[in-house]
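K.L.:
Questions regarding the structure given below will be posed in turn.
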Amino acid sequence: MARLQVSLLALANLLIPVAILVFATGFFPYKPFMPGLATYEDLGWEGKMAWTKEPDPKFDKLVFMVVDALRSDFVFSKESGMAFVQSLIRSGSAIPFTAHATSPTITMPRVKAITTGSIPSFLDVILNFAESDTTSTLATQDTWLAQLKAREGGKLVMYGDDTWLKLFPGFFERADGTSSFFVSDFTEVDNNVTRHVPDELLNSDWDAMIMHYLGLDHIGHKTGPKGPNMVPKQKEMDGIVRQIYEAIENEEHLLNTLFVLCGDHGMNDGGNHGGSTPGETSPALVFMSPKIKKITEAMERKSPIEPKANFEYYRIIEQSDIAPTLAGLMGYPVPKNNLGVFIEEFLDLWDDAADRVRLLLHNARQIKKIVEATFPNLSFSDEFVEDMHCEGSLNSGQELACKWQDIVRAMSSVASLHPQIRVEYIYNFCRTAQNVMSSTASNYNVSRLVLGTSLAFLSFAFTLASLYRRLRDVSASGIFYTLTLVLYCILMFASSYVEEEHNFWYWATSLWFFYLFISDSREQWFKNFIFHPAIMLLFLHRIARRWNQTGQKYAGADDIAHSIIFLGRNSIVLWSLVGATYMDIVLRLAQHVARSLATFISDQSVGEAESTEGHRFMATIAILPLGITAFVFKMAFTARDAPELVLGLNEELLAWLDSTALVEMARMVFGGIALTASWIASAEWKRAVNKKKGRGNGDFAIALFDLAILFLMTQTKAQNIPLYLLFRVQLFFLSKSRSLSTISIRDSNVQLVGYLNLTPLAITLTTLLLTQSAFFILGNSNAISSIDLSNSYNGVSGFNITVVGTLVFLSNWAGPVYWSLAGITLLGSHGKTQRYIDEGELDNRDWIKKEREHLDRLVRQEKREGEMRSGWAGWEEHVALLTLFVGASLVSVMTACTVLRQHLFVWSVFSPKFLYGMAWSVAWHFGITVGLGALWWWVGGW
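Note that the sequence shown covers residues 1 to 942 in UniProt numbering.
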């Protein structure tokens, strides 16, 4: 590339993070809140209603039990293991609901909604994964915890998920937190909570006891909602409910205790959460107390029941309704930032109808303050406004102003007006305001959205300008690349296609491989075409597609990784494949080490005839401990993380694996990889300095590639490790070019079995297709719920945001990292044997004319490959084409988010896609394509 083109490409890449930052600040703005604690205020109609005091609280203590991912059917269905809770519903001692949880359905934003009654910011998705984060604290916000603590002598205790400790620092008199990411078992995390329950039930010094159980959520992630451990875990939780409820019945200091059981979110059919499917947004909610029997005579007491629709059991309320309901029942003001509405079923606990109206009016006035701040130009006066137009077409603000006037009219009328009429007017305003304000929970900065999108387009334009010479050459690969780019950008505007994006890449990759076969067959038809490299690639790609079921539509459907082939007693099949994959990488690394030994012992240099066979045995002995340690670590980790995958192994072996120290073993693997890389690097540097002719053929790049694969395998779930063996075979067929084809000379004719004559553009296109496909092949999707955190702490004994963040990325982007580095090795023909043929020595006799033509072709090809490795032009064009895709994808995603910002699925589909786009653009493109890619290209020229 010319200097101007390189400058344009560099500028285009620098604009990408700037565009992302600008757009993100407009799309995820800081959400202001009203600080301080709410207090009871005059409602304005005290004299007319003869109100002299606030309604009496019905409870003075609260037990708040959160079971992570407690989906509604886990409690209310016939398949539920929570028989005691169902018996309380039948007896009238419990009131059940399905609490609608808005997206994103992950713990931190859901806890915020439950405690403040507000709609959390989508940025909490990111903060949810940062264990050391304190920017998302609720310490200065009004919550029901803050209100209870503000009471005279108010004390809170908490056991379970340490998200509560991060959100409420210094709030708890006694606490024992458990990390939801670092511990991945089904029992220990819950036992750590339950062991505190008996003592706390005997203590009378607390106002609220909060418990957050994580085991059921872990089971869902590992085995799905229908896994063998799910019902036993439900029975365990049901037993804890029984223990607490019986204490409330029998302990005098707990007689006025309200017991709330709820889930923070649900889970989909795959056991994950974060999106907006009915299973994810439908957690159970149950209020329990002997005092509730007073109001449940006329309510539905049947349990279990059938759902009205998908996971809709009993009445559906908003999860934010918990906050104002607790405020009324416990006797404190509604939190300032609340958008929830007092649950209607509990109004009958107050015999005086005037108390019911006063309770609801406090809720309405608090919501009205948020509405007034949102619509400052409209009147929400407590005086009746004669000239207010409330007929015809009204916008949201005008509709709310009119509904508030209905309340004013009802409250200003004669005191003898039936209280239920006032109640209905208040509920009408509150529920409408809740719907309106929830949909406008994010105040977009449109100017920043446009500016960010414009900067992304500018990056795309600069990249296009840097490729103007290349674009003048029309080729089939170029046309396919352009069609892929255009179709991908168009599909970003359809929510269903974003959710099922994997299908686009699967089919695009299949079509590309089929085209490669057709293109080669046009020159010559192959009798044994089934063994053509492109057909073999197509076959292997079909197997890889079925390895993990992903997306939303068929989440949890049958696939290879979760089939009975690998589970239970059949897990020996899985570990045979895993062992074969590790053995393959050990043998390849042994070859590199043998080459380094030959360098130091024999003082050989590149280009000289050499044999490493004499050193292969010694090299294998040297590298075998690293391979064994890596394999044992993966077995030991899997035995604790997914025990269902090791049931077929020897019990004594499992007992020994259970005693291993995972952190130290992971560090041994990482240290061994670094040590091996250093040893090989010193040998290759010596070769590069002492070489006598020709250029380096990139053996060191191949060695680093193999070491990188070993690292990626360490960061990959056990059931996905055999995919690296499949990827290796695909890479073999991709590298099968004309010069490497099988040649047989019969009757002076050279017959080629088949080849893939990939141009640099074709290699880049293949890299793009396989990196994107591999991301989904390993089980990922565009849903937040698919992020895998199980390998995030390999070798880490405590939380470090940089290390853990890097491991999270490499764990989830292992497939794309593999093919990004593989693309570099294909582009530079790294590791390819060089023949150093002298054209002057070629024989011109006719009977070997065909062979001479073949050797001439080898000479030209080796010359081209050597020239490409010696310079940066090939790599720069490769990066430019990938930058063009990143720029175009950002423009399409940003435009879709801007245009569809009021779309129903903006937070459940388009926002997660933008977050993934950030990761692809910054971490993958800059970190892998540009950063590691440049390193690989440089060492490939040694």
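Just so it is clear, CB atoms sit at the ideal spot from N, CA and C, and this is done for glycine as well.
In this text, all values refer to a predicted model and were calculated from it rather than measured experimentally.
Quick one: residues in its chain with C-beta nearer than 7 Å to the C-beta of V22, no 5 flanking neighbours on either side, listed in chain order?
P.N.:
R448, L451, G452, L455
K.L.:
By Cβ distance below 8 Å, which residues in the same chain neighbour R616 in space, the five residues on each side in sequence not counted?
P.N.:
A590, Q591, A594
K.L.:
Beta-carbon of Q549 versus every beta-carbon of chain C: anything under 9 Å?
P.N.:
The chain inventory of the structure shown lacks chain C, comprising one protein chain alone.
K.L.:
Would you mind stating whether L258 and T484 have Cβ atoms separated by less than 9 Å?
P.N.:
no
K.L.:
Which residue comes first and which comes last in the alpha helix (DSSP H) that contains E188?
P.N.:
Looking at the DSSP string, the run of the alpha helix (DSSP H) that includes E188 is 188-194.
K.L.:
Under 9 Å between the Cβ atoms of I784 and G154?
P.N.:
The answer is no: Cβ separation not under 9 Å.
K.L.:
By the DSSP assignment, the alpha helix (DSSP H) with I479 in it spans what residues?
P.N.:
For I479, the uninterrupted alpha helix (DSSP H) run begins and ends at 476-491, by DSSP.
K.L.:
State whether the stretch 141-154 contacts the stretch 34-41, with contact taken as three or more CB pairs (one from each stretch) at a distance under 8 Å.
P.N.:
yes
K.L.:
Is the CB-CB distance between R431 and V578 below 9 Å?
P.N.:
Not closer than 9 Å, so no.
K.L.:
Could you pull out every residue in the same chain whose Cβ sits closer than 7 Å to the Cβ of T771, ignoring the five residues on either side in sequence?
P.N.:
P816, W819, S820
K.L.:
I need the DSSP call for K222, collapsed to helix, strand or coil.
P.N.:
It is helical.
K.L.:
Can you give me the Cβ contacts of S475 inside the same chain, cut-off strictly under 8 Å, excluding the 5 residues immediately before and after it?
P.N.:
Closer than 8 Å at Cβ, skipping near neighbours: T759, L761.
K.L.:
Among A2, F76, I317, which has the Cα closest to the Cα of A101?
P.N.:
I317
K.L.:
Sort R640, D641, W656, M583 by Cα distance to A630 and report the nearest one.
P.N.:
M583
K.L.:
Under 8 Å by Cβ, that's how I've got N548 and I777 pegged, so tell me the actual separation to the nearest angstrom.
P.N.:
6 Å
K.L.:
For R292, which option in L285, L810, N256 has the closest C-alpha, if you only look at C-alpha atoms?
P.N.:
Note that residue 292 corresponds to Ile in the displayed sequence, not to Arg. Out of L285, L810, N256, N256 has the C-alpha closest to the C-alpha of I292.
K.L.:
Hey, how far is the Cα of residue 966 from the Cα of A113?
P.N.:
The question about residue 966 has no answer, for the chain in this structure spans 1 to 942.
K.L.:
Thinking N720 and P912 are a contact (beta carbons under 8 Å), I'd like their distance in whole angstroms, please.
P.N.:
Between the beta-carbon of N720 and that of P912 there is about 22 Å, and that puts the pair past the 8 Å contact cut.
K.L.:
Quick one: give me the first and last residue of the beta strand (DSSP E) that I787 is part of.
P.N.:
Looking at the DSSP string, I787 is not in any beta strand (DSSP E), and its letter there is neither H nor E.
K.L.:
Check this for me: beta carbons of M158 and G177, under 9 Å apart or not?
P.N.:
yes
K.L.:
Taking one C-beta from the stretch 396-405 and one from the stretch 419-435 each time, how about it: are there three or more such pairs within less than 8 Å?
P.N.:
yes
K.L.:
What are the boundary residues of the alpha helix (DSSP H) that Y554 is part of?
P.N.:
That residue, Y554, is in no alpha helix (DSSP H); it is neither H nor E in DSSP.
K.L.:
So, helix, strand or coil for K61, using DSSP?
P.N.:
strand
K.L.:
Closer than 8 Å by C-beta to I673: which residues in its own chain qualify, once you throw out the five before and the five after it? Chain order, please.
P.N.:
L626, L707, L710, F711
K.L.:
Hey, could you find the ends of the alpha helix (DSSP H) E613 is sitting in?
P.N.:
613-641
K.L.:
Just the Cα atoms here: how many angstroms apart are F384 and V408?
P.N.:
6 Å
K.L.:
Under a Cβ-count criterion, where at least 16 other Cβ atoms within 10 Å of its own Cβ denotes burial, should W936 be classed as buried or exposed?
P.N.:
buried
K.L.:
Considering H878, what are the terminal residues of the alpha helix (DSSP H) in which it resides?
P.N.:
873-899
K.L.:
Within the same chain, show all residues whose beta-carbon is closer than 7 Å to that of T929, passing over the 5 residues directly before and after it, in chain order.
P.N.:
S820, V879, L882
K.L.:
Between the C-alpha atoms of L138 and S204, what's the straight-line distance to the nearest angstrom?
P.N.:
26 Å
K.L.:
Determine, using beta carbons only, whether W164 and L361 come nearer to each other than 9 Å.
P.N.:
no
K.L.:
Between G828, W924, E651, N268, which has its C-alpha nearest T105's C-alpha?
P.N.:
N268
K.L.:
Note down the Cα distance separating V669 from K736, rounded to an integer number of angstroms.
P.N.:
So the two alpha carbons sit approximately 32 Å from each other.
K.L.:
According to DSSP, is S132 helix, strand or coil?
P.N.:
Below a pLDDT of 50, predicted positions are generally treated as unreliable, and S132, at 46, falls in that range; the measurement from the model is reported next regardless. Three-state DSSP puts S132 in coil, outside helix and strand.
K.L.:
Could you compute how far the alpha carbon of S786 sits from the alpha carbon of R3?
P.N.:
42 Å
K.L.:
Looking at the ligand GTP, does it come within less than 8 Å of W404, judged from the CB to the closest heavy atom?
P.N.:
As for the ligand GTP, it is missing from this structure, which has no ligand bound.
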